[in-house]
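Participant: Let me give you the structure first, and then I'll get to my questions.
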């Protein structure tokens with residue numbers, strides 16, 4: 002019998018999505034077949050320290066659930082300090098040595114310092130295969146301003162926006178309402194819906210607490226849709242789009258609470274749209290994936306305008322990854338269950354690494 006594939010799951014991180022990452026990692030570790038995979042975990046604390054934990058049977062102690070397991074609500078301080086309480090903080094070189102002993106890394110990190118190309122760059126330097134988008138694609142897709150610019154250049158429709166950089170005066174050419182977003186953050190953190198000039202000023206001030214670059218984005222009336230993509234570029238098979246899902250927020254818009262509170266929203270799979278619209282969403286999802294040179298996985302979010310036009314909102318290169326998260330549910334409905342989805346992602350990572358091994362720099 003061939004030996005098991007050695008997989009390191011990297012979780013936690015410095016961003017506000019720390020607990021969401023831990024919930025995703027717990028689901029991943031529980032789903033990886035122990036007959037096929039030998040797993041270890043690397044937890045990144047809120048302070049940026051990396052710590053190791055090896056035995057699979059201590060996962061529940063090493064990666065405690067957040068305050069609300071799927072929601073990302075605020076966890077108590079003792080849960081936040083898992084790096085010091087449940088994992089040994091090792092010498093700086095220890096995580097690097099551990100990475101050198103695995104076959105593939107599965108980064109389950111959301112937001113800055115994990116989904117933005119920083120960890121991917123470390124893994125590239127270490128020569129370790131990893132699941133998901135590469136350095137450039139991760140950084141590009143994390144920056145909503147640059148992401149939209151690339152899609153516009155490729156003729157892919159996106160919601161209009163005005164970009165405010167450090168020192169810029171507040172501008173809004175769209176009328177009201179508008180959305181105000183930090184350019185490089187996820188899970189709707191720091192996002193506001195402004196209905197007038199006073200709310201706009203406050204929204205920009207809030208967004209600037211999170212990022213030096215802020216987007217003022219037109220309000221798109223219509224339906225929010227999501228589509229998963231799975232695959233590599235230049236492989237034997239083109240990237241695969243999942244069935245389309247529909248987000249039905251219970252609040253005015255799909256904010257952080259709507260995304261992670263149990264009663265914050267409903268997800269309808271498949272979406273209540275006609276076949277032609279579903280095909281258009283899937284086509285644009287793959288086009289966006291290819292235009293930004295993503296690989297492995299991504300979830301692409303859309304608006305369906307009231308006139309039937311489909312526009313891209315954003316792309317997530319490491320979407321939430323519990324077994325009940327949107328990405329997993331979309332592929333479950335597409336005939337790829339959670340465990341098989343993980344198998345495919347690991348295989349895609351190894352195939353990409355092997356493909357690039359012959360390049361000369």
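In our numbering, the protein residues as written are 2 to 362.
Note that CB positions come from ideal geometry on N, CA and C, so glycine has one too.
Fair warning: this is a prediction, and the values are worked out from it, not measured in the lab.
Report buried or exposed for residue 116, applying the criterion of at least 16 other Cβ atoms within 10 angstroms of its Cβ.
Facilitator: For the purposes of this step, residue 116 is identified with residue 115 of the chain shown, where counting begins at 1. By the neighbour-count rule (16 or more Cβ atoms within 10 Å), residue 116 is buried.
Participant: Rounded to a whole number of angstroms, what is the C-alpha to C-alpha distance between residue 223 and residue 306?
Facilitator: Position 222 of the chain shown, counted from the first residue, corresponds to residue 223. Position 305 of the chain shown, counted from the first residue, corresponds to residue 306. Here the C-alpha atom of residue 223 lies approximately 5 Å from the C-alpha atom of residue 306.
Participant: What three-state label does DSSP hand residue 142 in the structure shown?
Facilitator: By one-based count along the chain shown, residue 142 stands at place 141. Three-state result, residue 142: helix.
Participant: Could you check what DSSP says for residue 350 in three-state terms: helix, strand or coil?
Facilitator: Walking along the chain shown from the start, residue 350 turns up at place 349. DSSP places residue 350 in helix when its eight states are reduced to three.
Participant: Beta-carbon separation of residue 322 and residue 16 under 8 Å?
Facilitator: Sequence index remark: in the chain shown, residue 322 carries index 321 (1-based). Sequence index remark: in the chain shown, residue 16 carries index 15 (1-based). Contact flag unset, no.
Participant: My guess is that residue 53 and residue 40 are in contact by the Cβ rule of under 8 Å, so how many angstroms apart are they, rounded?
Facilitator: Locating residue 53 in the chain shown gives position 52, where the first residue counts as 1. Locating residue 40 in the chain shown gives position 39, where the first residue counts as 1. With a Cβ gap of about 12 Å, residue 53 and residue 40 do not count as contacting.
Participant: DSSP on residue 21, reduced to helix/strand/coil?
Facilitator: Taking the chain shown and counting its residues from 1, the one referred to as residue 21 is at position 20. Three-state DSSP puts residue 21 in a helix.
Participant: Compute the distance between the beta-carbons of residue 154 and residue 184, then report whether it is under 8 Å.
Facilitator: Sequence index remark: in the chain shown, residue 154 carries index 153 (1-based). Sequence index remark: in the chain shown, residue 184 carries index 183 (1-based). It is not a contact, given that the beta carbons lie outside the stated cut-off.
Participant: How close, in whole Å, do the beta carbons of residue 292 and residue 152 come, if the pair is a contact with beta carbons under 8 Å?
Facilitator: As a first step, residue 292 is located in the chain shown; it is residue number 291 there, counting from the start. As a first step, residue 152 is located in the chain shown; it is residue number 151 there, counting from the start. Contact flag correct, Cβ pair sits at about 6 Å.
Participant: Taking the alpha helix (DSSP H) that residue 323 falls in, what are its first and last residues?
Facilitator: Reading the chain shown from its first residue, position 322 is the one you call residue 323. Run containing residue 323: none; DSSP gives neither H nor E here.
Participant: My assumption, with CB atoms under 8 Å, is that residue 195 sits in contact with residue 181. Please give the rounded CB distance.
Facilitator: Sequence index remark: in the chain shown, residue 195 carries index 194 (1-based). Sequence index remark: in the chain shown, residue 181 carries index 180 (1-based). A Cβ-Cβ distance of about 6 Å is found for the pair residue 195 and residue 181, placing them in contact under the 8 Å criterion.
Participant: For residue 201, report the span of its alpha helix (DSSP H) as first-last.
Facilitator: Your numbering for residue 201 matches position 200 in the chain shown. 198–209 is the extent of the alpha helix (DSSP H) around residue 201.
Participant: Go ahead and pull the three-state DSSP assignment for residue 5.
Facilitator: On the chain shown, position 4 is the one that residue 5 refers to. Note: residue 5 maps to coil in three-state DSSP.
Participant: On the CB-based measure, 16 or more other CB atoms within 10 Å of its CB, does residue 130 come out buried or exposed?
Facilitator: Working through the chain shown from its first residue, we reach residue 130 at position 129. By the neighbour-count rule (16 or more Cβ atoms within 10 Å), residue 130 is buried.
Participant: For a test of the three-state rule: what should DSSP assign to residue 270, helix, strand or coil?
Facilitator: On the chain shown, residue 270 is found 269 positions in, with the first residue counted as 1. Three-state result, residue 270: coil.
Participant: Count the other CB atoms, across all protein chains shown, that sit within 10 Å of the CB of residue 355; report buried if there are 16 or more and exposed otherwise.
Facilitator: In the chain shown, residue 355 corresponds to position 354, counting from 1. Exposed, because fewer than 16 other Cβ atoms sit within 10 Å of the Cβ of residue 355.
Participant: For residue 136, collect the residues of the same chain with a Cβ closer than 8 Å to its Cβ; drop the 5 residues on either side in sequence, then sort them by chain order.
Facilitator: Within the chain shown, the letter at position 135 stands for residue 136. Excluding sequence neighbours, residue 136 sits near 118, 121, 122 and 125.
Participant: Comparing C-alpha positions only, which one of 298, 342 and 303 sits nearest to residue 278?
Facilitator: Sequence index remark: in the chain shown, residue 278 carries index 277 (1-based). Among 298, 342 and 303, the Cα nearest to that of residue 278 belongs to 303.
Participant: Could you tell me if residue 58 is buried or exposed, where buried requires 16 or more neighbouring beta carbons within 10 angstroms of its beta carbon?
Facilitator: As a working mapping, residue 58 is identified with position 57 in the chain shown. Residue placement at residue 58 is poorly supported in this model, since its pLDDT is 45, which falls under 50; the coordinates are not used for a value here.
Participant: Which ranges does the beta strand (DSSP E) cover as unbroken runs of at least 3 residues, wholly within the region 105–164, from first to last along the chain?
Facilitator: 105–109
Participant: Which residue marks the beginning of the beta strand (DSSP E) containing residue 180, and which one marks its end?
Facilitator: One-based indexing of the chain shown puts residue 180 at position 179. Counting along the chain, the beta strand (DSSP E) containing residue 180 begins and ends at 179–183.
Participant: Is the distance from the Cβ of residue 226 to the Cβ of residue 247 below 8 Å?
Facilitator: Within the chain shown, residue 226 is the residue found at index 225, counting from 1. Within the chain shown, residue 247 is the residue found at index 246, counting from 1. Closer than 8 Å, so yes.
Participant: Can you tell me whether DSSP reads residue 362 as helix, strand or coil?
Facilitator: Residue mapping note: residue 362 aligns to position 361 of the chain shown, counting from 1. The answer is coil: DSSP assigns residue 362 none of H, G, I, E or B.
Participant: Is there contact between the region 344–359 and the region 102–113, where contact requires at least three CB pairs shorter than 8 Å?
Facilitator: yes
Participant: Opposite residue 12 in the DSSP bridges: which residues?
Facilitator: Mapped onto the chain shown, residue 12 falls at position 11. Looking at the DSSP assignment, residue 12 forms a beta bridge with 44 and 109.
Participant: In angstroms with no decimal places, state the Cα-to-Cα distance between residue 165 and residue 205.
Facilitator: Along the chain shown, one-based indexing puts residue 165 at 164. Along the chain shown, one-based indexing puts residue 205 at 204. Going by the C-alpha atoms only, they are around 9 Å apart.
Participant: Any idea if residue 35 is buried or exposed, counting beta-carbon neighbours within 10 angstroms, 16 or more meaning buried?
Facilitator: Position 34 of the chain shown holds residue 35. The residue is exposed, with fewer than 16 neighbouring Cβ atoms inside 10 Å.
Participant: Per DSSP, what kind of secondary structure is residue 57 in: helix, strand or coil?
Facilitator: Locating residue 57 in the chain shown gives position 56, where the first residue counts as 1. Summary for residue 57: the model assigns pLDDT 49, below 50, so the residue's position carries little reliability; its value from the coordinates is reported in the next sentence. In the structure shown, residue 57 sits in a helix (DSSP, three-state: H, G or I).
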